[in-house]
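**Q** Please see the structure below; I have some questions.
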DNA sequence: AGTCTCATGTAAGAAGTTACATGATTGG
DNA sequence: CCAATCATGTAACTTCTTACATGAGACT
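The following block contains the structure:
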């Protein structure tokens with residue numbers, strides 16, 4: 716799902732400006748998606764051209780016009796079609812885990828520090844999410860929030876319980892020579 | 716970490732062709748990263764130009780030259796520098812969860828089907844990973860593999876235990892009007 | 001007879017990012 | 001007085017993907 720579609724989706728909750736949509740991305744979608752102004756504003760312009768949203772400009776003194784976007788019936792239909800498609804597979808990218816793949820090139824102390832930091836990061840993100848969770852209005856948002864908290868918790872526990880596997884490499888009598896294959 | 720850097724990293728395990736690197740991505744990195752030939756081949760060419768890898772071409776009859784790449788001392792140094800940087804934050808993208816954010820636009824049956832499918836997907840990926848886990852040679856790989864299995868398991872359990880929250884919306888006396896904010 | 005593995009690459013395009021451009025108002 | 005919030009946008013660039021181009025040998 717691209718940002719254009721997600722903007723359209725956010726507008727099903729009510730009209731909003733680009734600025735507000737950016738906030739919505741941060742407040743309610745940050746767990747699964749994020750977007751910068753530079754993708755949001757062009758998306759909204761394109762959606763307007765396509766007739767999927769309409770735009771009402773409120774002129775303000777000494778500030779750019781406040782452009783309030785609303786979804787049109789055509790937009791609603793388009794978005795409904797979109798969410799009835801089978802969702803694309805989840806994508807997970809982790810530089811942390813990628814780095815650990817090469818822990819044979821790091822000194823034990825560095826591996827430990829890396830893991831410590833990652834656990835702290837996960838903990839912090841989990842806490843932020845937990846806090847936000849309570850304030851969420853809709854069930855879906857609480858559900859998503861809970862999902863995130865659960866995943867962070869699982870990651871933290873796994874790291875804590877298994878870090879010894881890569882921190883103190885078990886002495887091996889006949890060390891297997893590694894190759895790319 | 717971009718694909719170019721990851722190619723460099725994979726070459727620390729030993730020399731390899733572009734084709735073999737692609738397989739290495741699939742076999743050992745698929746959980747955290749993936750790459751197509753169209754990013755691997757240009758990356759290797761660029762690394763060669765930069766002097767970070769060297770290339771030995773073996774001509775074969777009726778087949779493109781087999782180009783075997785090895786990391787150079789300069790390449791090793793560059794990669795070491797890279798993995799000593801603090802890793803970028805994990806990125807998680809989920810069309811599934813994004814779709815659930817809009818479950819108010821779906822019929823209950825569709826929500827259920829969506830979740831059923833996602834659980835099946837997660838289960839399958841978890842099983843594939845588990846199977847591969849045993850055959851992994853290095854500790855780091857087993858560690859990564861275990862991480863993946865743990866995360867899939869946590870996701871499955873969360874979905875099973877909390878799906879009712881969005882499948883059967885609790886009847887609300889005064890339904891809160893939603894907005895983007 | 002058909003599919004999988006081996007083997008390398010280019011071209012075109014999608015999708016997003018960072019940096020740049022501008023500037024008032026509000027709260028600490 | 002400094003930072004955050006409000007408010008919109010463009011230009012250049014990065015990075016990766018899909019589709020195209022080519023084709024033999026091995027296995028089922």
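Residue numbers (the working numbering), protein chains in the order written: chain A, 716 to 896; chain B, 716 to 896.
Glycine included, C-beta positions come from ideal geometry on N, C-alpha and C.
Keep in mind that this is a model prediction, so the values were computed, not measured.
Answer with buried or exposed for residue 764 of chain A, where buried requires no fewer than 16 other C-beta atoms within 10 angstroms of its C-beta.
**A** On the first chain, residue 764 of chain A is found 49 positions in, with the first residue counted as 1. Looking at its Cβ environment, which holds fewer than 16 other Cβ atoms inside 10 Å, residue 764 of chain A is exposed.
**Q** Would you please state the rounded distance, in angstroms, between the beta carbons of residue 782 of chain B and residue 733 of chain B? I believe it to be under 8 Å.
**A** Position 67 of the second chain, counting from 1, holds the residue named residue 782 of chain B. Position 18 of the second chain, counting from 1, holds the residue named residue 733 of chain B. So it is a contact: roughly 7 Å between Cβ atoms.
**Q** Would the stretch 808-825 of chain A count as touching the stretch 740-752 of chain A if we require 3 or more Cβ pairs under 8 Å?
**A** With a cut-off of 8 Å, the stretch 740-752 of chain A and the stretch 808-825 of chain A do not count as touching, because too few Cβ pairs lie within range.
**Q** Are the stretch 789-800 of chain B and the stretch 761-777 of chain B touching, with three or more C-beta to C-beta distances below 8 Å?
**A** With the cut-off at 8 Å, the stretch 789-800 of chain B and the stretch 761-777 of chain B touch.
**Q** Which chain A residues sit within Cβ distance under 7 Å of residue 899 of chain B?
**A** The structure shown does not extend to residue 899 of chain B, since chain B spans only 716 to 896, so no value can be given for it.
**Q** Could you work out which residues of chain A lie near residue 880 of chain B, taking near to mean beta carbons separated by less than 9 Å?
**A** Here residue 880 of chain B refers to the residue found at position 165 of the second chain. Ordered by position in chain A, the residues that pass the 9 Å Cβ test against residue 880 of chain B are 854, 855, 857, 858, 861.
**Q** My understanding is that residue 855 of chain A touches residue 816 of chain B, with C-beta atoms under 8 Å, so please give their C-beta distance in whole angstroms.
**A** Residue 855 of chain A sits at position 140 when you count from the first residue of the first chain. Residue 816 of chain B sits at position 101 when you count from the first residue of the second chain. Yes, residue 855 of chain A and residue 816 of chain B are in contact; Cβ-Cβ is about 5 Å, under 8 Å.
**Q** So that I know if they touch, is there some Cβ in chain B lying closer than 8 Å to that of residue 851 of chain A?
**A** Here the question's residue 851 of chain A lines up with position 136 in the first chain. It does not: the Cβ of residue 851 of chain A has no partner Cβ on chain B nearer than 8 Å.
**Q** Does residue 784 of chain A come out as helix, strand or coil in the three-state DSSP assignment?
**A** Against the first chain, residue 784 of chain A aligns to sequence position 69. It is a strand residue.
**Q** In chain A, what lies closer than 7 Å to residue 865 of chain B by C-beta?
**A** Indexing the second chain from 1 puts residue 865 of chain B at position 150. Within 7 Å Cβ-Cβ: 869, 873.
**Q** Answer yes or no: do residue 802 of chain A and residue 814 of chain B have a C-beta to C-beta separation smaller than 8 Å?
**A** Translated into positions along the first chain, residue 802 of chain A becomes position 87. Translated into positions along the second chain, residue 814 of chain B becomes position 99. Going by C-beta atoms, residue 802 of chain A is nearer than 8 Å to residue 814 of chain B.
**Q** For residue 814 of chain A, go through chain B and note every residue whose CB falls closer than 7 Å to its CB, in chain order.
**A** What you label residue 814 of chain A is simply residue 99 of the first chain in a count that begins at 1. Result: 798, 802.
**Q** Output, in sequence order along the chain, the residues in the stretch 814-830 of chain B whose CB is closer than 8 Å to any CB in chain A.
**A** Listed by position along the chain: 814, 815, 816, 817, 818, 819, 820, 821, 825, 829.
**Q** For residue 973 of chain B, collect the residues of the same chain with a Cβ closer than 7 Å to its Cβ; drop the 5 residues on either side in sequence, then sort them by chain order.
**A** Chain B is shown only over 716 to 896; residue 973 of chain B falls outside these bounds and no answer can be derived.
**Q** One question on the structure: do residue 838 of chain A and residue 871 of chain A come within less than 8 Å of each other, judged by their Cβ atoms?
**A** Within the first chain, residue 838 of chain A is the residue found at index 123, counting from 1. Within the first chain, residue 871 of chain A is the residue found at index 156, counting from 1. In contact: residue 838 of chain A and residue 871 of chain A (Cβ atoms closer than 8 Å).
**Q** Between which two residues does the beta strand (DSSP E) carrying residue 707 of chain B extend?
**A** Only positions 716 to 896 of chain B appear in this structure, which leaves residue 707 of chain B out of reach.
**Q** Taking only beta-carbon positions, decide if residue 808 of chain B is within less than 8 Å of chain A.
**A** Along the second chain, read from residue 1 onward, the residue named residue 808 of chain B stands at position 93. Yes, residue 808 of chain B lies at the interface with chain A (some Cβ there is under 8 Å from its Cβ).
**Q** Could you work out which residues of chain A lie near residue 727 of chain B, taking near to mean beta carbons separated by less than 7 Å?
**A** Taking the second chain and counting its residues from 1, one reaches residue 727 of chain B at position 12. In chain order: 817, 820.
**Q** The alpha helix (DSSP H) that contains residue 851 of chain A, what's its start and end?
**A** Mapped onto the first chain, residue 851 of chain A falls at position 136. Note, residue 851 of chain A: premise wrong, no alpha helix (DSSP H); not H, not E.
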